[in-house]
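**Q** Questions regarding the structure given below will be posed in turn.
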Amino acid sequence: MRGRDLLPVAGRAARQQTEADWRTAANRAYYALMLEVRDGFAQLGLTPPPLTAVHLTTRKRLFATGDPGVNQIGLWFDDLQRLRRAADYDTGSLPAFATNAAALSAEQRSLDAIRLLDAVIADAARRAAVIAEIQKVFP
Amino acid sequence: MTTVEVPTTIQPEAIELVKKLGVERQLEAILEQGRRTVRGLLGCYVDADTQSEMGPTVDIIARIDPAFEGDPSHAAWWNWRIDQYGPETAASFVVVFDSHGYYDAR
Numbered sequence: 115m116r117g118r119d120l121l122p123v124a125g126r127a128a129r130q131q132t133e134a135d136w137r138t139a140a141n142r143a144y145y146a147l148m149l150e151v152r153d154g155f156a157q158l159g160l161t162p163p164p165l166t167a168v169h170l171t172t173r174k175r176l177f178a179t180g181d182p183g184v185n186q187i188g189l190w191f192d193d194l195q196r197l198r199r200a201a202d203y204d205t206g207s208l209p210a211f212a213t214n215a216a217a218l219s220a221e222q223r224s225l226d227a228i229r230l231l232d233a234v235i236a237d238a239a240r241r242a243a244v245i246a247e248i249q250k251v252f253p
Numbered sequence: 027m028t029t030v031e032v033p034t035t036i037q038p039e040a041i042e043l044v045k046k047l048g049v050e051r052q053l054e055a056i057l058e059q060g061r062r063t064v065r066g067l068l069g070c071y072v073d074a075d076t077q078s079e080m081g082p083t084v085d086i087i088a089r090i091d092p093a094f095e096g097d098p099s100h101a102a103w104w105n106w107r108i109d110q111y112g113p114e115t116a117a118s119f120v121v122v123f124d125s126h127g128y129y130d131a132r
């Protein structure tokens, strides 16, 4: 099971009719990306973060390189994290969950970020540079 | 670039967290840089994630005029804090661009 396998779940939930489904979509879209980044970096030699710090450590690593693609993933990661926080913990009435627009956008954003990550990993020189930069700060 | 005056709301829990993390000066500078450089900026809302497993983070929501969605100045501002303060401090802040009012009514 890979993080990206959660994306179809996010997509199905985003196309349902209830706020609870749209919030579920936001959650799954975030986890799809977070797990892909965590596991992608671990496969390239970085230490898998402990569960107690998995979110923050995974995110921090996106800040530790000057690679513009990784920085873009970081920007989208912030977006998905904030939406997931609202989805899972703020049960008040929020415009983000008044329709399924934010949920659909989250699904797309997560997919776009995973594609960018794939492109970085597929390029040997680029991934070596990225991992070397991250290892200096958050090994 | 000139500084644009926009409504900025900082929630008490965010003030508390920036003090605890020792990043008061950085928060002010990030907001000021946003006011100077982010095209279409309508306002900033700052709160803190002190409860969830993803934090602690100081969360800055930049409300953006939809006509400026995706403007390159947004990514430039997002990256600015990393260039200025390094990854550890930069990661204390979550910076989000909201062109759709998803986080309005706060």
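Protein chains in written order, with my numbering: chain Z, 115 to 253; chain S, 27 to 132. Positions of the beta carbon are idealized from the N, C-alpha and C atoms, including for glycine.
Name the chain S residues that come within less than 7 Å of Asn185(Z), Cβ to Cβ?
**A** The answer, in chain order, is Asn105.
**Q** Could you tell me whether any Cβ in chain S is nearer than 8 Å to the Cβ of Val234(Z)?
**A** Not an interface residue.
**Q** Determine the contact status of Arg118(Z) and Glu150(Z), defining contact as a CB-CB distance below 8 Å.
**A** Yes, the Cβ-Cβ distance between Arg118(Z) and Glu150(Z) is below 8 Å.
**Q** Using a Cβ-Cβ cut-off of 8 Å, state whether Ala215(Z) counts as contacting chain S.
**A** Chain S contact via Cβ: present.
**Q** For Pro212(S), decide whether its Cβ has a neighbour in chain Z, counting only Cβ atoms nearer than 8 Å.
**A** Residue 212(S) is absent from the structure shown; chain S starts at 27 and stops at 132.
**Q** Please report whether the beta-carbon of Ala124(Z) lies at a distance below 8 Å from any beta-carbon of chain S.
**A** Chain S contact via Cβ: absent.
**Q** Check whether the Cβ atoms of Ala88(S) and Val122(S) lie closer than 8 Å to each other.
**A** A contact, by the Cβ cut-off of 8 Å.
**Q** I'd like the ranges of any alpha helix (DSSP H) spanning at least 4 consecutive residues and lying wholly in the region 211-244 of chain Z.
**A** Qualifying alpha helix (DSSP H) stretches, in chain order: 215-236.
**Q** Out of Gly127(S), Ile41(S) and Pro33(S), which one is the CA nearest neighbour of Asp91(S)?
**A** It is Gly127(S) whose Cα lies nearest to the Cα of Asp91(S).
**Q** In terms of DSSP beta bridges, what is Asp85(S) paired with?
**A** Answer by DSSP bridge pairing, in chain order: Asp73(S) and Val120(S).
**Q** Gly48(S): which of Asp124(S), Glu95(S) and Val84(S) sits nearest, CA to CA?
**A** Minimum Cα distance to Gly48(S) is reached at Val84(S).
**Q** From Ile41(S) to Pro182(Z), what distance separates their C-alpha atoms?
**A** The straight-line gap from Cα to Cα measures roughly 31 Å.
**Q** In the region 189-212 of chain Z, which residues sit with their C-beta less than 8 Å from some C-beta in chain S, listed in chain order?
**A** Flagged, chain order: Leu189, Asp192, Asp193, Gln195, Arg196, Leu197, Arg198, Arg199, Ala200, Asp202, Tyr203, Ser207, Leu208, Pro209 and Ala210.
**Q** Mind pulling the chain S residues with CB within less than 7 Å of Phe177(Z)?
**A** Residues of chain S passing the Cβ test: Ile108, Pro113, Ala116 and Ala117.
**Q** In the structure shown, what three-state DSSP assignment does Thr34(S) receive?
**A** In the structure shown, Thr34(S) sits in a strand (DSSP, three-state: E or B).
**Q** Based on the DSSP output, what are the partners of Leu67(S) in its beta bridges?
**A** Ile90(S).
**Q** With a threshold of 8 Å between beta-carbons, can Ser99(S) be considered close to chain Z, or not?
**A** Chain Z contact via Cβ: absent.
**Q** Can you list, in chain order, the residues of its chain with a C-beta nearer than 7 Å to that of Thr34(S)? Leave out the 5 residues immediately preceding and following it.
**A** Cβ neighbours of Thr34(S) beyond the five flanking positions: Leu57, Gly69 and Cys70.
**Q** Is it a yes or a no for the region 159-169 of chain Z touching the region 132-140 of chain Z, going by three-plus beta-carbon pairs under 8 Å?
**A** No, because fewer than three Cβ pairs between the region 159-169 of chain Z and the region 132-140 of chain Z fall closer than 8 Å, the two stretches do not touch.
**Q** So is Val151(Z) in contact with chain S if we call contact Cβ pairs under 8 Å?
**A** Closer than 8 Å: no.
**Q** Among Phe211(Z), Asn185(Z), Gly159(Z) and Leu189(Z), which one has its Cα closest to the Cα of Lys250(Z)?
**A** Residue Gly159(Z) is the option with its Cα nearest to Lys250(Z).
**Q** Which of the three DSSP states is assigned to Phe252(Z) in this structure?
**A** Three-state result, Phe252(Z): coil.
**Q** Helix, strand or coil: how does DSSP classify Met148(Z) here?
**A** In the structure shown, Met148(Z) sits in a helix (DSSP, three-state: H, G or I).
**Q** Compare the C-beta of Tyr71(S) with all C-beta atoms of chain Z and state if any pair is closer than 8 Å.
**A** False, the Cβ-Cβ gap to chain Z never drops below 8 Å.
**Q** Is it buried or exposed for Ala217(Z), if we count other Cβ within 10 angstroms and need 16 for buried?
**A** Result: buried.
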